[in-house]
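Novice: First the structure, which I've put down as structure tokens, then a few questions once you've had a look.
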Amino acid sequence: MPRKVVITGLGATTPIGGDVPTMWKNSLKGVSGAHTLEDDWVAEFDLPVTFACRATNRPDEILTRVEAKRMDPSTQFAVVAAREAWKDSGIEEIDHDRLAVAFATGIGGVWTLLDAWDTLRAKGPRRVLPMTVPMLMPNGPAAAVSMDLGARAGAHTPVSACASGTEALALGIELIRSGKADVVMTGGAEAAIHPMPIASFAAMQALSRRNDDPEHASRPYDLDRDGFVMGEGAGALVLEAEEHALARGARIYAELAGSGVTADAYHITAPDPEGLGATRALKAAMFDARVQPEDVVHVNAHATSTPVGDKPEYTAMRAAFGAHVDNVAVSATKSQTGHLLGASGAVESVMTVLAIYERQLPVTINLDNQDPEIPLDVVTSARTLPAGDIVALNNSFGFGGHNAVVVFRNV
Amino acid sequence: MASNEEILAGLAEIVNEETGLAPEAVELDKSFTDDLDIDSISMMTIVVNAEEKFGVRIPDEEVKNLKTVGDAVDYIAKAQA
Numbered sequence: 001m002p003r004k005v006v007i008t009g010l011g012a013t014t015p016i017g018g019d020v021p022t023m024w025k026n027s028l029k030g031v032s033g034a035h036t037l038e039d040d041w042v043a044e045f046d047l048p049v050t051f052a053c054r055a056t057n058r059p060d061e062i063l064t065r066v067e068a069k070r071m072d073p074s075t076q077f078a079v080v081a082a083r084e085a086w087k088d089s090g091i092e093e094i095d096h097d098r099l100a101v102a103f104a105t106g107i108g109g110v111w112t113l114l115d116a117w118d119t120l121r122a123k124g125p126r127r128v129l130p131m132t133v134p135m136l137m138p139n140g141p142a143a144a145v146s147m148d149l150g151a152r153a154g155a156h157t158p159v160s161a162c163a164s165g166t167e168a169l170a171l172g173i174e175l176i177r178s179g180k181a182d183v184v185m186t187g188g189a190e191a192a193i194h195p196m197p198i199a200s201f202a203a204m205q206a207l208s209r210r211n212d213d214p215e216h217a218s219r220p221y222d223l224d225r226d227g228f229v230m231g232e233g234a235g236a237l238v239l240e241a242e243e244h245a246l247a248r249g250a251r252i253y254a255e256l257a258g259s260g261v262t263a264d265a266y267h268i269t270a271p272d273p274e275g276l277g278a279t280r281a282l283k284a285a286m287f288d289a290r291v292q293p294e295d296v297v298h299v300n301a302h303a304t305s306t307p308v309g310d311k312p313e314y315t316a317m318r319a320a321f322g323a324h325v326d327n328v329a330v331s332a333t334k335s336q337t338g339h340l341l342g343a344s345g346a347v348e349s350v351m352t353v354l355a356i357y358e359r360q361l362p363v364t365i366n367l368d369n370q371d372p373e374i375p376l377d378v379v380t381s382a383r384t385l386p387a388g389d390i391v392a393l394n395n396s397f398g399f400g401g402h403n404a405v406v407v408f409r410n411v
Numbered sequence: 412m413a414s415n416e417e418i419l420a421g422l423a424e425i426v427n428e429e430t431g432l433a434p435e436a437v438e439l440d441k442s443f444t445d446d447l448d449i450d451s452i453s454m455m456t457i458v459v460n461a462e463e464k465f466g467v468r469i470p471d472e473e474v475k476n477l478k479t480v481g482d483a484v485d486y487i488a489k490a491q492a
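Residue numbers (the working numbering), protein chains in the order written: chain A, 1 to 411; chain B, 412 to 492.
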């Protein structure tokens, strides 16, 4: 039997709360993190989309000024969430050579990169900050978290667009099972609410244009869904070998029982319309975790609220779970948080873990007219999970045809 | 034209902004690396900010000669003269 991996610490900084307790409380209630953007650049560029889900707490106001100065906002979010998760784990003494990091991002330091480009054009090369490259590199969040914790068993950065955060957990499992680490700080961070990515996502018709009503714009599975809403922030989970956690008497939230990672090899942005890659990821994850479809009671779906994306995920779940899909309670929490891109898988995994631990489900908001082609049991109001052994999944899919699924089980 | 005291105060402000060190810790006889623990990347940022603040140019090959805060103050004062 492979080593068992358990979750012992959680952290999050999101559009519906700057820490895990706040985010969780709001996710059960159902709040929208979407608001009209106040930034000058919205009007300056006459952006076609004028709203997004900003993180509720600015990381540069939490970190010290000097810390924040040397970090891109994506790295700032990562460090804030990782510190909360680390504190939550209660780990005090550890062999730092046995502590690893797997911290993802989808885009990386886009603010740093484009600010430096502006500086270069306006003021010349002498004024480009020497820290520009280490701040913009996509491994920046993982590197900063590694230095912050003294994690010396490797610091990794899975990059697979919006599947990145979930792939970080998948990698964390492998690091522990293979014996390369006993504890892994996993997560994902994103800070891409910048006019350039907004313009680009809007150009590909991926973003909702509900500019006059931001709070109702992210509406997965609804007939009137018209695109996703950009979000930002970070999620962090402390993965620990079970024997390591038991030896120190840790509080264990859940087991991270397995993962499935596949590629569509179909289209750079569109999901396979039959959801074949997602189906294989779901089946691979359940096989890896040694669970049956009938064990699954809850899925935190990828469900971004795009017209083309939501249905193939349903098709995949029906293919992977069979008729049991009708018994699975599905939460589409991007309806609340927006889409945190490379952080979404981590934030949603935090919610999935808490769903198991608290036996309560985060709700899906804005589902007024459910798409009849997606007849899932969507959780729209407070609901509890049954006692006994339960399994819950978190799905994440990314541009590039990346599919990542992780499986959590109660302990 | 700034006096040496003004240059020191301005430099202390730049160092504080970059590193968080208290401005009063930035004294003439302090070594940037040994006393103030300023690495080469921070040093370059400090140099570029000092160039802008005092309207001088500090060539990269000169930076290694600026071992102490006093060296930097003297260099800036001469460059301004």
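Virtual Cβ for every residue (Gly too), placed ideally from N, Cα, C.
Note that the structure is predicted; figures quoted are calculated from it, not measured.
List the endpoints of the continuous alpha helix (DSSP H) containing A:Asn26.
Specialist: 20 to 29 is the span of the alpha helix (DSSP H), which, as asked, contains A:Asn26.
Novice: Provide the residue span of the alpha helix (DSSP H) that contains A:Glu92, from first to last.
Specialist: First-last for A:Glu92: undefined, no H or E at that position.
Novice: Tell me whether the beta-carbon of A:Leu385 lies closer than 8 Å to the beta-carbon of A:Ala346.
Specialist: No. Outside cutoff.
Novice: Beta-carbon of A:Thr64 versus every beta-carbon of chain B: anything under 8 Å?
Specialist: yes
Novice: Can you round the beta-carbon distance between A:Asn403 and A:Asp288 to whole angstroms, since I take them to be within the 8 Å contact cut?
Specialist: With a Cβ gap of about 14 Å, A:Asn403 and A:Asp288 do not count as contacting.
Novice: Measure from the alpha carbon of A:Ala52 to the alpha carbon of each residue in A:Ile374, A:Thr132, A:His216, then state which is nearest.
Specialist: Nearest in C-alpha terms to A:Ala52, of all of A:Ile374, A:Thr132, A:His216, is A:His216.
Novice: By how many angstroms is the C-alpha of A:Thr119 removed from the C-alpha of A:Arg318?
Specialist: Pairing A:Arg318 with A:Thr119, the inter-Cα distance amounts to about 51 Å.
Novice: Considering only their Cβ atoms, is the gap separating A:Leu393 from A:Thr380 smaller than 8 Å?
Specialist: no
Novice: Can you give me the C-alpha to C-alpha distance between A:Ala122 and A:Asp115, rounded to a whole angstrom?
Specialist: For A:Ala122 and A:Asp115, the distance between alpha carbons rounds to 10 Å.
Novice: Determine the contact status of A:Pro312 and A:Ala278, defining contact as a CB-CB distance below 8 Å.
Specialist: yes
Novice: For a contact meaning CB atoms closer than 7 Å, what does A:Pro130 contact in chain D?
Specialist: Any reference to chain D falls outside this structure, whose protein chains are A and B.
Novice: So, is A:Asp310 buried or exposed, given that buried needs 16 or more other C-beta atoms within 10 angstroms?
Specialist: Result: buried.
Novice: Mark A:Thr36 as exposed unless 16 or more other C-beta atoms lie within 10 angstroms of its C-beta, in which case mark it buried.
Specialist: exposed
Novice: What did DSSP end up calling A:Ile107 once you bin it into helix, strand or coil?
Specialist: coil
Novice: Answer with buried or exposed for A:Pro48, where buried requires no fewer than 16 other C-beta atoms within 10 angstroms of its C-beta.
Specialist: exposed
Novice: Which residues does DSSP pair with A:Phe397 in a beta bridge?
Specialist: A:Asn403
Novice: How many Å lie between A:Ile374 and A:Val353 at the Cα?
Specialist: 25 Å
Novice: Could you spell out the range, first to last residue, of the alpha helix (DSSP H) harbouring A:Gly140?
Specialist: Run containing A:Gly140: 140 to 149, per the alpha helix (DSSP H) assignment.
Novice: Quick check on A:Arg126 - is its C-beta less than 8 Å from some C-beta in chain B?
Specialist: yes
Novice: Among all the DSSP beta bridges, which residues are the ones paired with A:Ser200?
Specialist: In the DSSP output, where bridge partners are listed per residue, A:Ser200 has none listed.
Novice: DSSP puts A:Asn300 in a beta bridge; with which residues?
Specialist: DSSP lists A:Ser331, A:Asn394 as partners of A:Asn300.
Novice: Residues of the region 457 to 468 of chain B with a CB closer than 7 Å to any CB of chain A: list them in chain order, please.
Specialist: Answer set for the region 457 to 468 of chain B: Val459.
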